[in-house]
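Residue numbers (the UniProt record's numbering): 1 to 214. Have a look at the structure below, then the notes.
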């Protein structure tokens with residue numbers, strides 16, 4: 001693993017998430033800290049710090065005396081995570097500068113209309129959705145809120161990456177993003193927030209089709 005000029009625990013955390021995305025870790029499997037530290041070429045201390053961070057995000061489970069394991073998937077937990085993400089994004093949008101929202105609304109609509117596919121690969125959908133939602137929340141100055149949102153999204157994305165391959169086609173609904181942008185163009189922030197929540201609920205229902213029953 002290449003060493004960068006940022007905390008080692010963050011680099012390790014990102015590396016583990018990348019490996020999880022590539023399917024190298026299965027849900028419910030134990031983490032062998034000694035083997036993993038040797039593979040990454042790091043000591044146990046920063047590795048454990050990274051594992052603790054991932055446990056805080058819900059990616060791992062920890063139990064005293066038994067170490068860490070990758071958390072099993074649960075439809076119930078996925079629903080809860082999506083509900084939290086929807087609420088946090090709604091709060092971030094509500095907290096955004098109104099003038100900034102008016103400025104970015106045309107671009108948001110252009111991006112949504114420029115990606116009208118009702119089915120696309122998982123990797124493409126993730127990339128385009130991240131770009132769109134990143135722009136949507138670019139006017140929120142609450143860094144703690146955005147940091148919390150990033151961490152909860154990591155737990156939610158764990159599900160997507162475990163059950164859907166990057167090249168697997170997934171359903172999407174571009175009109176949901178268009179509706180949010182139109183509401184912002186009309187200076188209808190409450191309507192945009194309602195449409196944003198509906199977008200997350202719709203995406204959740206589409207992803208649940210890939211998750212096994214609890």
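Glycine residues also receive a C-beta, built at the ideal position from the N, C-alpha and C atoms.
- Between the C-alpha atoms of residue 131 and residue 81 there is a straight-line separation of about 20 Å.
- Taking each of 79, 96 and 29 in turn and checking the Cα distance to residue 70, the smallest one comes out for 29.
- Closest by C-alpha distance to residue 9, out of 101, 45, 182 and 25, is 45.
- Distance from the CA of residue 116 to the CA of residue 37, rounded to the nearest whole angstrom, comes to 44 Å.
- The DSSP-derived three-state label of residue 29 is coil.
- In the structure shown, residue 41 adopts coil according to DSSP, grouped into three states.
- Residue environment analysis places residue 32 among the exposed positions, since fewer than 16 neighbouring C-beta atoms fall within 10 angstroms of its C-beta.
- In the three-state DSSP reduction, residue 70 falls in the strand class (E or B).
- In the displayed model, residue 61 falls within a strand according to three-state DSSP.
- Counting along the chain, residue 87 sits inside the alpha helix (DSSP H) bounded by residues 75-94.
- Just so you know, the alpha carbons of residue 178 and residue 112 end up roughly 6 Å apart.
- Taking all protein chains in view, the Cβ of residue 57 is crowded by 16 or more other Cβ atoms within 10 Å, so the residue is classified as buried.
- Using a C-beta cut-off of 8 Å, the segment 58-77 makes contact with the segment 155-171, since at least three inter-stretch Cβ pairs fall below that distance.
- Taking a contact as a CB-CB distance under 8 Å, the pair residue 187 and residue 102 counts as one, their CB atoms being some 7 Å apart.
- Within the segment 108-163, the runs of beta strand (DSSP E) that reach at least 3 residues and sit entirely inside it are, in chain order, 119-121.
- For residue 171, the enclosing beta strand (DSSP E) has its first and last residue at 169-171.
- If you check the CB distance, residue 93 and residue 195 do not come in under 8 Å.
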